[in-house]
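In full-length UniProt numbering, the protein residues as written are 1 to 402. Read through the structure below, which is laid out as structure tokens, and then see the notes.
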Amino acid sequence: MISRAERTVVGEWWWTIDRLLLGALAALMIIGIVLALAASPPVAARLGIADPFHFVNRQVMFLVPALIVLIATSFLSPRNIRRISLVLFVVFLALVCATLVIGPEVKGARRWLTVAGITVQPSEFLKPSFVIIAAWLFSESVRRPEMPGQFLAIGLLGMVVTPLVMQPDFGQTMLSSLVWGSLFFLAGLRIIWVIGLAGIGAAGLFVAYTMVPHVTARIDRFLNPDSGDTYQIDLSINSFLNGGWLGQGPGEGTFKKVLPDGHTDFIFAVAGEEFGAILCMMIAGLFAFIVLRALSRAMNDEDPFVRFATAGLAILFGLQSCINMMVNLHMMPAKGMTLPFVSYGGSSLLSLAYGMGMLLALTRRRPRTATLAELERLGTRLGAPAGASPGGSSGALRPRAA
């Protein structure tokens, strides 16, 4: 046990980190391994892979560096978070653009790069860095009204969504835009901006619906299931119905044997069939706890950057979770998006570890910085003049005479 009196770097980290948040994230990782054991063997059998635990082993292999990234990132200061995020934003934005040229085409989209035999989705790593840079620009617009932070943030959004639309990846585009819009709202946007941004979003959705065939098909199948193939969604719904409240038991699921992407996008349906609705509600409760806990810490922080960045990372995490679970329950059109820390996927796991590591770093307890008004109030209580410092010398707070 680390003593509270210990002044080492690790000791200070342990006593300032939000241990409830850290524990909730660890619980999700453990649940991810358990569900991988349930969902992955049928997928390996369908793909002709001899080792039934191939995807489980790879998930554990990715989990080790993910834990290292999460813990290492949680040691960073807000200033270092901004600096590292700026560098990583530039790197991964370039890689996202590179997918348009050298990325392999999979199902009509170019979203991946192969590096040293490992397939990487750069847009996954771009999202948390984008949130940090957007939060910094919005915080600067609050701190220094003369700085055109909001206009720079609009340009930043355009830089991100343009290559995502060209890939095309409308799910990541929608997710990034929603998080950016949430930060803009927190920064105090005017009503004219609300109307304008809502109009642009609606126009973009209409254009995508009318001009992109697979978007049209997905929306039509959601609104009218008889208009197309709903095989995967039907299997997902039947998985929940077959599981009931308590589930069929570990390894006893039947629909997972034919459910495509049961170890990735539809792992929540596997959880529903084998472990029941109670476990699904526990998983949803863990996600809700992480988001609400982070938002409450953000609300109480005095630094605008920390406030916006913490809220943005929490909203990003919460929206991705909601999208995955809602698709599994047929509450929105199908969209390939992983369930954070639960679904199989190396790029998703590492990028989430990076984002949640920054969230843990930003929510660490830091010494409160006294403001000038507080110093003056303290000086008044001690009997000093209103403009004097608490130590009795007013020259420290006043410009020196020529």
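Using N, Cα and C, we set each Cβ at its ideal position, and we do this for glycine too.
query: Please say whether leucine 349 and alanine 66 have beta carbons closer to each other than 7 Å?; result: yes
query: In the DSSP assignment, find the beta strand (DSSP E) that holds residue 446 and state where it starts and stops.; result: Nothing can be reported for residue 446: it is not among the residues displayed for the chain, which extend from 1 to 402.
query: Roughly how many whole angstroms lie between the Cα atoms of threonine 114 and glutamate 302?; result: 43 Å
query: Rounded C-beta distance between glycine 243 and glycine 272? I'm assuming under 8 Å.; result: 5 Å
query: Taking buried to mean at least 16 other C-beta atoms within 10 Å of its own C-beta, is arginine 111 buried or exposed?; result: buried
query: Do phenylalanine 138 and alanine 153 have their C-beta atoms closer together than 7 Å?; result: yes
query: Ignoring anything shorter than 4 residues or poking outside the region 254-306, list the alpha helix (DSSP H) runs there in chain order.; result: 267-299
query: Short of 6 Å in beta carbon distance, which residues of its chain neighbour methionine 29, apart from the five on each side in sequence? Order them along the chain.; result: Phe341
query: So the alpha helix (DSSP H) leucine 76 belongs to, where does it begin and stop?; result: Here leucine 76 belongs to no alpha helix (DSSP H), and DSSP marks it neither H nor E.
query: CA-CA distance, isoleucine 233 and leucine 47?; result: 21 Å
query: Among Met282, Lys107, Ile49, Val87, which one has its Cα closest to the Cα of isoleucine 133?; result: Val87
query: For a minimum of 3 consecutive residues, which ranges assigned as the beta strand (DSSP E) are wholly contained in the region 120-184?; result: none
query: Quick one: does the C-beta of lysine 256 sit closer than 6 Å to a heavy atom of the ligand FMN?; result: Annotation note on the ligand FMN: not contained in the displayed structure, which lists no ligands.
query: Do glutamate 124 and residue 416 have their beta-carbon atoms positioned less than 7 Å apart in this structure?; result: Lying before the first or after the last residue shown, residue 416 is absent from the chain, which here runs from 1 to 402.
query: Determine, using beta-carbon pairs with one atom in the region 309-323 and one in the region 88-106, whether at least three such pairs fall under 8 Å.; result: no
query: Can you check which of these residues, Ser74, Phe185, Arg144, is closest to isoleucine 315 by C-alpha distance?; result: Phe185
query: Alpha carbon to alpha carbon, what distance is there between proline 52 and alanine 45?; result: 7 Å
query: How many Å lie between threonine 254 and alanine 36 at the Cα?; result: 15 Å
query: From which residue to which residue does the beta strand (DSSP E) around leucine 113 run?; result: 113-115
query: Can you list, in chain order, the residues of its chain whose CB lies under 7 Å from that of leucine 360, leaving out five sequence neighbours each side?; result: Ile17, Asp18, Leu21, Leu22, Ser74
query: When you compare only the Cα positions, how much space is there between tryptophan 15 and alanine 288?; result: 24 Å
query: From which residue to which residue does the alpha helix (DSSP H) around threonine 16 run?; result: 9-16
query: Here's a check: name, in chain order, each residue in its chain whose Cβ is nearer than 6 Å to the Cβ of alanine 353, leaving out the five neighbours to either side.; result: Ala66, Val69, Leu70
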